[in-house]
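So the sequence shown is residues 859 to 1216, counted in the working numbering.
We put the beta carbon where it would ideally sit given N, CA and C, even for glycine.
What you are looking at is a predicted structure, and each value in this text was computed from that prediction instead of being measured.
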Amino acid sequence: MIEVNCDLCGSENHALKYEIDVSENNLRYYRYSRNIPGNEKMVGILRIVECKNCKLMFTNPRFSTDELELVYSSEKVIGGNWKDFRYLFNPNLPDEMQGVKKKTAYDSNLYQWKFDVINTYCKAPPEQLKLIDIGCGNGKFVFDAIHHGFDAVGIDLSPDRIRKGRELYNLSDDRLKCMNVDDFSETEKYDIIVMWDLIEHVESPSSLLRSLNKIAHKDTVIFALTMSIDSITYRLFKKHWNYINPTQHLNYFSHSTIKKMFEKNSFELVGVEMDNSKNKNIISLITRILVGKMNQFFFHIYSKESFLRILFRPFQRGISNERMKKRIENLYPGKYVGRYHDNFVFVAKLAEQFKIQS
Ligand SMILES: [Zn+2]
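Here you go:
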């Protein structure tokens, strides 16, 4: 675990916002660490703090670079979930988390909202636009972008995901690459840079944005999707917000801190767009809160050895208490606060004074 200064202003003065115990006592967070080989290092008290100078909210102390590498090295750690209660009471289902099904066919609806956002800012026909997806994972978006006509490539730091993506989507080595932005030559420029759910995960958003200067020209448009602490759901739920996750989320931007972060690195914010993906409505928010409450109820009964467990015996045939606890670990045990307009796409371009040399 390491201590860091504010990545936006460099200050070392910060105030504690939330203290989070990542251990077996707190399964909501421990479930991300427990599948990691050597996971005894992956537990401890993590804190989310707010910079006293610029108000950036960030995780500090946090896992070190090497530890984060472990967090992202295993598929089991991030993806995978069981969505329903059938899982708790069906002895034939495996105890492990269900892998996320990766759709390998082109689905015109899946990312349509992302392409709508891109089209609002980029008017040229896709065939004339070079797009790069930074932190592309297995390259699903790159695959869809190619279908939309873009000249698209993706880069990611995980060799496993890149290898898997090339196989899954039959993409060439030129389309999906395992590399860092810094590794590009000065002549490599892109018209569109997308970073979906990336900036909250990186150790230094500032150095990431600084390296984008290398691949941006005067008309390049950057699309950065991340959750915002200016959202209604964060204001309502604070520490119990869905996105509070100090093992993976290192940066919690507000609309104003992300604007400053862009400005610090020679960009200017030109727009903010809503995340209009599926499940972004009030009904889904309420459903998720109710499901979270039910998970919490079961968790309480089984972890506190409550006498109420007797009530569930008839449903639990063939499943031991140990297996039951393991399964409840896999379900979200805390309050589940859904995604009701808590993600935004922050759109940026090179600031006027930096355009001349490009
Ligand atoms: Zn600061």
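Worksheet item: When you compare only the Cα positions, how much space is there between S1216 and T1078?
Response: Residue numbering aside, residue 1216 sits at position 358 when the sequence shown is read from its first letter. Residue numbering aside, residue 1078 sits at position 220 when the sequence shown is read from its first letter. Low confidence applies to S1216: its pLDDT is 48, below 50, so where it sits in the model is not reliable, and the reading given next is rough at best. The alpha-carbon separation between S1216 and T1078 amounts to approximately 10 Å.
Worksheet item: Taking 8 Å as the line, does the beta carbon of K1122 fall inside it for any heavy atom of ligand 1?
Response: Sequence index remark: in the sequence shown, residue 1122 carries index 264 (1-based). For ligand 1, not one heavy atom lies less than 8 Å from the Cβ of K1122.
Practice prompt. Using 8 Å as the cut-off, classify the Cβ of L914 as near or not near the heavy atoms of ligand 1, replying yes or no.
Written response: Along the sequence shown, read from residue 1 onward, the residue named residue 914 stands at position 56. Under cutoff, so the answer is yes.
Practice prompt. Just mark F1156 as buried or exposed, buried being the case when its beta carbon has 16 or more other beta carbons within 10 Å.
Written response: Taking the sequence shown and counting its residues from 1, one reaches residue 1156 at position 298. F1156 should be labelled buried.
Discussion item. My assumption, with CB atoms under 8 Å, is that F916 sits in contact with V929. Please give the rounded CB distance.
Written reply: On the sequence shown, residue 916 is found 58 positions in, with the first residue counted as 1. On the sequence shown, residue 929 is found 71 positions in, with the first residue counted as 1. The Cβ separation is near 16 Å, so there is no contact.
Practice prompt. Count the CB pairs spanning the stretch 1015-1029 and the stretch 1052-1071 that are closer than 8 Å, and state whether there are at least three.
Written response: The stretch 1015-1029 is not in contact with the stretch 1052-1071.
Worksheet entry | Proximity test, N950 beta-carbon vs ligand 1 heavy atom, cut-off 8 Å | Looking up residue 950 in the sequence shown gives position 92. N950 has its Cβ no nearer than 8 Å to any heavy atom of ligand 1.
Worksheet entry | 8 Å contact criterion, which L987 and D1009 should meet: CB distance rounded | Your numbering for residue 987 matches position 129 in the sequence shown. Your numbering for residue 1009 matches position 151 in the sequence shown. Between D1009 and L987 the Cβ distance is about 7 Å, and since that is below 8 Å, they are a contact.
Worksheet entry | C-alpha gap between F943 and N1134, whole angstroms | Looking up residue 943 in the sequence shown gives position 85. Looking up residue 1134 in the sequence shown gives position 276. If you draw a straight line from the Cα of F943 to the Cα of N1134, it comes to about 28 Å.
Worksheet item: Would a C-beta distance cut-off of 9 Å place I1073 and V1039 closer than the cut-off?
Response: Within the sequence shown, numbered from 1, the residue matching residue 1073 stands at position 215. Within the sequence shown, numbered from 1, the residue matching residue 1039 stands at position 181. Yes.
Item to complete: Could you check what DSSP says for G937 in three-state terms: helix, strand or coil?
Response: Here residue 937 corresponds to residue number 79 of the sequence shown, with the count starting at 1. Residue placement at G937 is poorly supported in this model, since its pLDDT is 49, which falls under 50; the coordinates are not used for a value here.
Discussion item. Pop quiz: K1122 and K1213 are said to be a contact at Cβ under 8 Å. What is the actual Cβ separation, rounded to whole angstroms?
Written reply: Counted from its first residue, the sequence shown places residue 1122 at position 264. Counted from its first residue, the sequence shown places residue 1213 at position 355. Going by Cβ atoms, the distance from K1122 to K1213 rounds to 17 Å, so no, they are not a contact pair.
Practice prompt. Report yes or no: do the stretch 1088-1095 and the stretch 1157-1173 share at least 3 C-beta pairs separated by less than 8 Å?
Written response: Counting Cβ pairs under 8 Å, fewer than three are found: no touch.
Discussion item. Just verifying my parser: in three-state terms, what is the DSSP assignment at P917?
Written reply: Numbered from 1 along the sequence shown, position 59 holds the residue referred to as residue 917. Here residue 917 is Thr; the residue named in the question, Pro, does not match the sequence. Here DSSP, grouped into helix, strand and coil, assigns T917 to strand.
Worksheet item: Is the stretch 897-915 touching the stretch 868-879 in the sense that three or more CB pairs, one from each, lie closer than 8 Å?
Response: Contact between the stretch 868-879 and the stretch 897-915 is present, because at least three Cβ pairs lie under 8 Å.
Worksheet item: What residue ranges within the stretch 1146-1195 form continuous alpha helix (DSSP H) runs of no fewer than 4 residues, ordered along the chain?
Response: As far as the stretch 1146-1195 is concerned, its whole alpha helix (DSSP H) runs of at least 4 residues are 1167-1170 and 1179-1188.
Worksheet entry | Where the alpha helix (DSSP H) through A1003 begins and ends | In the sequence shown, counting from the first residue as 1, residue 1003 sits at position 145. First-last of the alpha helix (DSSP H) with A1003: K998 to H1005.
Fill in: Straight-line Cα distance separating K1047 from I990
Taking the sequence shown and counting its residues from 1, the one referred to as residue 990 is at position 132. Taking the sequence shown and counting its residues from 1, the one referred to as residue 1047 is at position 189. In this structure, the straight-line span from the alpha carbon of I990 to that of K1047 is close to 9 Å.
Worksheet item: Would the C-beta of L866 count as close to ligand 1, meaning under 8 Å from any of its heavy atoms?
Response: Working through the sequence shown from its first residue, we reach residue 866 at position 8. The answer is yes for L866.
Item to complete: For C909, verify whether its CB is less than 8 Å away from any heavy atom of ligand 1.
Response: The count along the sequence shown starts at 1 and reaches residue 909 at position 51. Of the heavy atoms belonging to ligand 1, at least one sits nearer than 8 Å to the Cβ of C909.
Discussion item. Tell me the residue span of the alpha helix (DSSP H) that contains Y1027.
Written reply: For this step, residue 1027 is matched to residue 169 along the sequence shown. First-last of the alpha helix (DSSP H) with Y1027: P1017 to Y1027.
Fill in: C-beta atoms of P952 and M859 nearer than 9 Å
Within the sequence shown, numbered from 1, the residue matching residue 952 stands at position 94. Within the sequence shown, numbered from 1, the residue matching residue 859 stands at position 1. It is not a contact, given that the beta carbons lie outside the stated cut-off.
Worksheet entry | Neighbour-count burial assignment, T978, 16 or more Cβ in a 10 Å radius | To locate residue 978, count along the sequence shown from 1; it is residue 120. In summary, T978 is exposed, with fewer than 16 beta-carbon neighbours lying within 10 Å of its beta-carbon over all protein chains present.
Worksheet entry | Beta-bridge pairing of C909 - partner residues as DSSP gives them | For the purposes of this step, residue 909 is identified with residue 51 of the sequence shown, where counting begins at 1. Answer is H872, bridged to C909.
Item to complete: Using 10 angstroms around the beta-carbon of N1153, count the other beta-carbons present and answer buried if the total reaches 16, otherwise exposed.
Response: In the sequence shown, the residue the question calls residue 1153 occupies position 295. Buried, because 16 or more other Cβ atoms sit within 10 Å of the Cβ of N1153.
Item to complete: Flag this pair as touching only if the stretch 1112-1120 and the stretch 1201-1208 have three or more C-beta atom pairs under 8 Å; answer yes or no.
Response: Segments in contact, yes.
Fill in: Cut-off 8 Å between Cβ atoms - residues of its own chain near C980, not counting five sequence neighbours on either side
Position 122 of the sequence shown holds residue 980. Taken in chain order, the residues that qualify are L987, D1049, I1050 and V1079.
Worksheet item: DSSP three-state call for V1203: helix, strand or coil?
Response: Locating residue 1203 in the sequence shown gives position 345, counting from the first residue. In the structure shown, V1203 sits in a strand (DSSP, three-state: E or B).
Item to complete: For T923, write down the residues that DSSP places opposite it in a beta bridge.
Response: As a position in the sequence shown, residue 923 is number 65, starting the count at 1. Beta-bridge partners of T923 (DSSP): none assigned.
Item to complete: Indicate the three-state DSSP secondary structure (helix, strand or coil) for Y964 in the structure shown.
Response: On the sequence shown, residue 964 is found 106 positions in, with the first residue counted as 1. The DSSP-derived three-state label of Y964 is coil.
Worksheet entry | E898 (DSSP reduced to helix, strand or coil) | Here residue 898 refers to the residue found at position 40 of the sequence shown. In this structure, E898 counts as helix in the three-state DSSP scheme.
Worksheet entry | Buried versus exposed call for E832 [16 or more other C-beta atoms within 10 Å across all chains shown] | Because the chain in this structure spans residues 859 to 1216, residue 832 falls outside the shown range and cannot be described.
Worksheet entry | Residue from N863, S881, Y887 and C867 whose Cα sits closest to the Cα of H1107 | Within the sequence shown, numbered from 1, the residue matching residue 1107 stands at position 249. Nearest C-alpha to H1107: Y887.
Worksheet item: Does the beta-carbon of A1082 have 16 or more other beta-carbons within 10 angstroms, so that it is buried, or is it exposed?
Response: Locating residue 1082 in the sequence shown gives position 224, counting from the first residue. Of the other Cβ atoms in all chains shown, 16 or more fall within 10 Å of the Cβ of A1082; this residue is therefore buried.
Fill in: Cross-strand partners of M1132 (DSSP beta bridge)
The residue given as residue 1132 occupies position 274 in the sequence shown. Answer is F1202, bridged to M1132.
Worksheet item: Grouping DSSP H, G and I as helix and E and B as strand, with all else coil, what is L1056?
Response: For the purposes of this step, residue 1056 is identified with residue 198 of the sequence shown, where counting begins at 1. L1056 falls in the coil class under three-state DSSP.
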